[in-house]
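Participant: Going by my numbering, the sequence shown wraps up at 1197, each residue one higher than the last.
Note that the Cβ used here is the ideal one computed from N, Cα and C, for glycine as well.
Predicted, not measured: the structure shown is a model, and the values here were computed from it.
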Amino acid sequence: MSVPDYMQCAEDHQTLLVVVQPVGIVSEENFFRIYRRISSVSQISVRDSQRVLYIRYRHHYPPENNEWGEFQTHRKVVGLITITDCFSPRDWPQTFEKFHVQKEIYGATLYDSRLFVFGLQGEVAEQPRTDVAFYPNYDDCDTVEKRIEDFIESLFIVLESKRLDRATDKSGDKIPLLCVPFEKKDFVGLDTDSRHYKKRCQGRMRKHVGDLCLQAGMLQDSLVHYHMSVELLRSVNDFLWLGAALEGLCSASVIYHYPGGTGGKNGARRFQGSLFPAEAANRHRPGALTTNGINPDTSAEIGRAKNCLSPEDIIEKYKEAISYYSKYKNAGVIELEACVKAVRVLAIQKRSMEASEFLQNAVYINLRQLSEEEKIQRYSILSELYELIGFHRKSAFFKRVAAMQCVAPSIAEPGWRACYKLLLETLPGYSLSLDPKDFSKGTHRGWAAVQMRLLHELVYASRRMGNPALSVRHLSFLLQTMLDFLSDQEKKDVTQSLENYTSKCPGTMELLTLPDGLTLPPVPFTKLPIVRHVKLLNLPASLRPQKMKSLLGQNMSTKSPFIYSPIIAHSRGEERSKKIDFQWVQGDVCEVQLMVYNPMPFELRVENMGLLTSGVEFESLPAALSLPAESGLYPVTLVGVPRTTGTITVNGYHTTVFGVFSDCLLDNLPGIKSSGSTVEVVPALPRLQMSTSLPRSAHSLQPSSGDEISSNVSVQLYNGETQQLIIKLENVGMEPLEKLEVTSKILTTKEKLYGDFLSWKLEEILAQFPLQPGKIATFTMNIKVKLDFSCQENLLQDLSDDGISVSGFPLSSPFRQVVRSRVDSKPTNPPESSKVGDASHVKTLEAILNFKYSGGPGHVEGYYRNLSLGLHVEVEPSVFFTRVSTLPATSTRQCHLLLDVFNSTEHELTISAQGNEELILHASECQRMAIQVDKFNFESFPESPGEKGQFANSKQLEEERQEARGLEISSKLDIHWKIPSLRRRGEASVEGLLNQLVLEHLQLAPLQWVLSEHLSKKAKVEGEGLNIVIVSSKERDVLVDGQLCDCGAAASCRVGDPVRLEVRLTNRSPRSVGPFALTVVPFQDHQNGVHNDDLRHAVSFVGSSTFYLQAVQPAGESACLGALLFLYAGDFFLNIRFHEDSVSKDLPPSWFCLPSVHVCAQEVQA
């Protein structure tokens, strides 16, 4: 034998070999169409018997193998079926002749033959023949299976006759010696009468009869004959036939133990349905019929079990038989097939290691020079057998060898498609799959070096097949999955090859379907570059949408009527983990940041990198980047514009690297960190761009609330200066601006700020609404800085106390160091709170201006945007008030406020108050300015809003009242400064400088005194009467006969006319006052510092000079009357004094200051 049958299995020993071949020209399709129908009749039950006959069909069988039919009868062709086309009776003789020629090839061993003729009709076809069947066509041939069954029955008749003929013991006849082809020349000249020779003949014949019994369905008899043959052949050392007897014994035992067969699908096919072997079906039934179906004998079952080998003995006998075969060079095919049969049995027994030993032996069996096709078949079968016993990597190795054999240099036309198909089948054995997802989970499986070699071979095979798309897909797979195992040079070589392939056929994300139906999934380059972190970025602070607050709140869910539902709590938790708590806006550019790095040893160019999204219509704006070699984490920002509203999910990104387009999904990226991938897109909103008249600031404001500032501007002002800020708001979006609200917030500062720091009016800008896209609105704001103007240093000599009313005090100020550095002064020790550490003396004010605006569809849905402007103001000192004091004026309703003013600038400065002349101050110069002011009726001020409950204690309430009084005084003083050289001007405020003592001197007494003098009735009629009214009110006026008059002006009267004097008290304080006793003392002032109080001869009182006032309740009045008479002409003054015992000690003295009345007595005209 020269051609091994690798598909053989142990149960093939019980089959009859039938060859089916075409005669003449028959199409392959028609031939195999009939062949499949013929081969479906693979077993039949013998009539009147429980035996089953098994048939093995082959459409090609080497005639030289038929020569070994005596050695093992299942190798002998006992039946021939030919198929031919014949359409004309003239061709029939020639066709029938070809049939006879075909029979002659296997004529020595054939039991019977059949010829199936298709297409011939007429007289020839109507002639009845047993060996020929005529059919009009391939469709009208319903009796094919029936004719095959008849044909098999004829084979059984011949088989049974031969078995009976050989099995009959004819002691008188000489038993012939059965030989294999290569033995015939060795037995020439042997002594045929020797005992040794006769035993050899008997042993071989017993073995031959055993084969016939096994084919005839007589399992028990075959076992008996095999045992007898083994004993006879072992005694004469006939090793070749002894091996065959042992193999027959093993085959019969395998058929008994494994009725399902050992040949996999082919073996199992024989026993489908109810046609199981009768021997196996009845082996456990008592009283079962014997194999010949004649004598029922229960001892048959017992004898069969005794003669049958155990599963372990089967393998031992196989080993022994193979060892005998190995002694003969010409029995290599027999040895090889025996190894294959043993492996199939061991596979069923789950004894993989022993099976591998048989296979290893089969590998080294030296056969004749095999053709390339036979080598491919041999390696493929070895691969299948290794796969059968679970040696997957070994199986893949031999299949790969078979693949390489398909394209051996000796083959004129290499079979690259067959090579590629075999290489694909090796992938599972090397722990490879064509799905890149299998390589993103866990550690790498398999030998990377072998896997890379196999992938390279797949790339080369697909290229030689003329399929560049397949080459690109496999090379992309190699680069993606084996990147960690490639050397730097290999990475360069692979990428260069990939670029060459993609220049002709770019890589895509489409499924590639092979002709055999296998699909290759796409290979996205998730490692080129490698992404480690994905973060959806919030919009800039000025573009972030915010929801207007509703009464129910924004966190209320309308999906369930319950506050908490445990059923859906888990699912909501998962949604929250993926959904981000900010929103994107329809039509605005949105950003996603990726942290990537380049693992390649060279610069990596990534083109067409964009986002993959779902949920809303999204316009991705691709980007191109170049990453340096082996870079660290590198931030990449991908942008896009959502065109509709809803919930958008960022699923991944797409790239083009080395000509391969990749869709990389975040779920498939290993080790990636993400803060969420789902965000809500709200309706479109207008977009404002702001520009200001002030320069941008290098200082970035950091509010404690964490809010981000859109823009920052800065300005430098002197204390008290006002700057106008012009803001231009341009609508650069696509929606109209319909609503605008402006608010401001001053950041926490240690400096005391007086007045309105920021002020504006919205009427002008709101008149331009709605502001269409592309339009600009102008907004004007006033920046007014008023910090503390006080200073602690005494730079001028203290005022001398003239004994009347003097109040002076030093002021505490953070600008103390400024004054000391410019003017020599006596060192003092200020309190810690007044010390400063900043030598620059420049104070900083910071504020945030918020523009809350909305419009378009977003406004309808209740969304708005907030544009913030950070304002950084550096305040330099202008003037300081180093000392404040008061002096009384000639009128009790007025006083003089003395201010020591210091110019802290480096320029000449002028200062003025209440329209007074300007006071010029040189740099670092200090001067005193006096301002005559009307006293204030603080008790008449309206109640401050803060006094209604905002302040927790009386101290805070008093501080608030004091600030209100300081604001009123400062507004009345109207102090302004100006720096001519810089054309800068501003205000100076005394707020915060005035303590309680100064405020008392500036305050009108709460007690209102009215002093009236009336002349006689005649004089009154003439209009010469005198009426002086002193009112502690906001007007602070002196009325003489109802006319506004200066307090220093003199009233005229005539000598000798009586003058009535009335003193009236109105109590506007919140408490009851009195009673009081007052004495009117007239005197004359000689204008030399001497007062003459002894006027008893010049002035006479009508009645008493002392007035008495009863107690007066709050808002009540009390009055007393008197009269006096001027006896001489001259200037007289009336001074009203309170009795000390009548003045309440707990009331301030300033409450009892009554005016001195100047009266000019004139002689009566004749």
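Start and end of the beta strand (DSSP E) containing valine 1111?
Facilitator: Taken as a continuous stretch (DSSP letters only), the beta strand (DSSP E) holding valine 1111 covers 1107–1116.
Participant: Going by DSSP, what residue range makes up the beta strand (DSSP E) through phenylalanine 692?
Facilitator: Run containing phenylalanine 692: 691–696, per the beta strand (DSSP E) assignment.
Participant: Roughly how many whole angstroms lie between the Cα atoms of methionine 236 and lysine 381?
Facilitator: Using only the alpha carbons, I get a separation of about 35 Å.
Participant: Under the rule that 16 or more other beta-carbon atoms within 10 Å means buried, what is asparagine 531, buried or exposed?
Facilitator: Exposed, by the Cβ-count rule.
Participant: Give the single residue among Gln45, Arg121, Leu146 whose Cα lies nearest to the Cα of threonine 104.
Facilitator: The shortest C-alpha separation from threonine 104 is found at Gln45.
Participant: In three-state DSSP terms, what is leucine 830?
Facilitator: The predicted position of leucine 830 is uncertain, since its pLDDT is 43 and thus under 50; a value taken from the coordinates is nonetheless stated next. Reduced to three states, the DSSP call for leucine 830 is coil.
Participant: Could you tell me which residues DSSP puts in a beta bridge with alanine 944?
Facilitator: Per DSSP, Ile1006.
Participant: Quick check: what's the CA-CA separation for serine 1001 versus valine 1021?
Facilitator: Distance between the alpha carbons of serine 1001 and valine 1021: 6 Å.
Participant: Run the proximity test for valine 1133: is its beta-carbon closer than 7 Å to any non-hydrogen atom belonging to the ligand NAD?
Facilitator: As far as ligands go, the structure on display features none, and thus does not contain the ligand NAD.
Participant: With H, G and I counted as helix, E and B as strand and the rest as coil, what does DSSP make of asparagine 268?
Facilitator: Looking at asparagine 268 - three-state DSSP - the assignment turns out to be coil, as it is neither helix nor strand.
Participant: Please determine, among Arg563, Glu456, Ser464, the residue with the shortest C-alpha to C-alpha distance to aspartate 1222.
Facilitator: Only positions 32 to 1197 of the chain appear in this structure, which leaves residue 1222 out of reach.
Participant: Can you tell which of Ala1160, Glu782, Asp519, Arg78 has its C-alpha closest to the C-alpha of alanine 660?
Facilitator: Looking at the Cα atoms, Asp519 is the closest of the given residues.
Participant: Leaving out five residues before and five after phenylalanine 218 in sequence, what residues of the same chain have Cβ atoms less than 7 Å from its Cβ?
Facilitator: Around phenylalanine 218: Leu208, Cys210.
Participant: Is alanine 1160 near glutamine 1193, with beta carbons less than 8 Å apart?
Facilitator: It is a contact, given that the beta carbons lie within the stated cut-off.
Participant: If you follow the beta strand (DSSP E) that threonine 644 is in, where does it begin and where does it stop?
Facilitator: Taken as a continuous stretch (DSSP letters only), the beta strand (DSSP E) holding threonine 644 covers 635–645.
Participant: For glutamate 1053, which residues from the same chain have a beta carbon less than 6 Å from its beta carbon, with the 5 sequence-adjacent residues on both sides left out?
Facilitator: Any answer about glutamate 1053 is weak, because its pLDDT of 30 lies below 50 and its placement is not dependable; what the coordinates show is given next. Around glutamate 1053: no qualifying Cβ.
Participant: Measuring straight from C-alpha to C-alpha, what distance separates valine 155 and tyrosine 66?
Facilitator: If you take the alpha carbons of valine 155 and tyrosine 66, they lie about 24 Å apart.
Participant: Assuming valine 1133 contacts leucine 1155 (C-beta within less than 8 Å), just tell me the rounded distance between them.
Facilitator: Contact flag correct, Cβ pair sits at about 6 Å.
Participant: Apart from the five residues on each side of it in sequence, which residues of its chain come closer than 8 Å, Cβ to Cβ, to histidine 1117?
Facilitator: The answer, listed in chain order, is Asn1123.
Participant: Quick one: using the 10 Å Cβ neighbour count with 16 as the cut-off for buried, is tyrosine 873 buried or exposed?
Facilitator: Correcting the residue type first, residue 873 is valine in the shown sequence and not tyrosine. When all chains shown are included, valine 873 counts as exposed.
Participant: Sorted by chain position, which residues of the same chain lie with C-beta nearer than 8 Å to tyrosine 228's C-beta, five sequence neighbours on each side aside?
Facilitator: Hits under 8 Å: Leu208, Leu221, Asp222.
Participant: Tell me the residue span of the beta strand (DSSP E) that contains leucine 748.
Facilitator: Looking at the DSSP string, the run of the beta strand (DSSP E) that includes leucine 748 is 742–749.
Participant: Would you identify the three-state DSSP class for glycine 446, choosing helix, strand or coil?
Facilitator: Three-state DSSP puts glycine 446 in coil, outside helix and strand.
Participant: Just tell me which of Asn968, Leu876, Gln125 has its CA closest to the CA of proline 734.
Facilitator: It is Leu876 whose Cα lies nearest to the Cα of proline 734.
Participant: Would you give the residue range spanned by the beta strand (DSSP E) that valine 562 belongs to?
Facilitator: Where valine 562 is concerned, the enclosing beta strand (DSSP E) stretches over 561–567.
Participant: Rounded to the nearest angstrom, what separates isoleucine 498 and leucine 545 at their Cα positions?
Facilitator: In the sequence on display, residue 498 carries asparagine and not isoleucine. When rounded, the distance between both Cα atoms is 10 Å.
Participant: Give me the residue from Glu403, Phe118, Ser119, Phe147 with the minimum Cα distance to phenylalanine 130.
Facilitator: Checked all of Glu403, Phe118, Ser119, Phe147; the closest Cα to phenylalanine 130 is Phe147.
Participant: Is the beta carbon of glutamate 622 closer than 8 Å to that of threonine 668?
Facilitator: Against a cut-off of 8 Å, the Cβ pair of glutamate 622 and threonine 668 comes out as a contact.
Participant: What is the DSSP secondary structure of glutamate 795, reduced to helix, strand or coil?
Facilitator: Three-state result, glutamate 795: helix.
Participant: Determine the direct distance from the alpha carbon of valine 627 to that of proline 666, and round the result to whole angstroms.
Facilitator: The straight-line gap from Cα to Cα measures roughly 6 Å.
Participant: Quick one: what does DSSP say glycine 234 is sitting in, helix, strand or coil?
Facilitator: In the structure shown, glycine 234 sits in a helix (DSSP, three-state: H, G or I).
Participant: Are tyrosine 884 and leucine 898 close, meaning C-beta to C-beta below 8 Å?
Facilitator: Against a cut-off of 8 Å, the Cβ pair of leucine 898 and tyrosine 884 comes out as a contact.
Participant: How about leucine 453 and leucine 416: are their beta carbons less than 8 Å apart?
Facilitator: Not in contact: leucine 453 and leucine 416 (Cβ atoms no closer than 8 Å).
Participant: Starting from the Cα of glutamate 278, find the closest Cα among Gly292, Lys230, Gln246, Ile353 and give me that residue.
Facilitator: The shortest C-alpha separation from glutamate 278 is found at Ile353.
Participant: Distance check for leucine 756 and alanine 1081, CA to CA, integer angstroms please.
Facilitator: In a straight line, the C-alpha of alanine 1081 is about 54 Å away from that of leucine 756.
Participant: Please list the segments of the beta strand (DSSP E) lying wholly inside the region 38–121, counting only runs of 3 or more residues, in order along the chain.
Facilitator: The qualifying runs are 46–54, 74–76, 83–89, 108–116.
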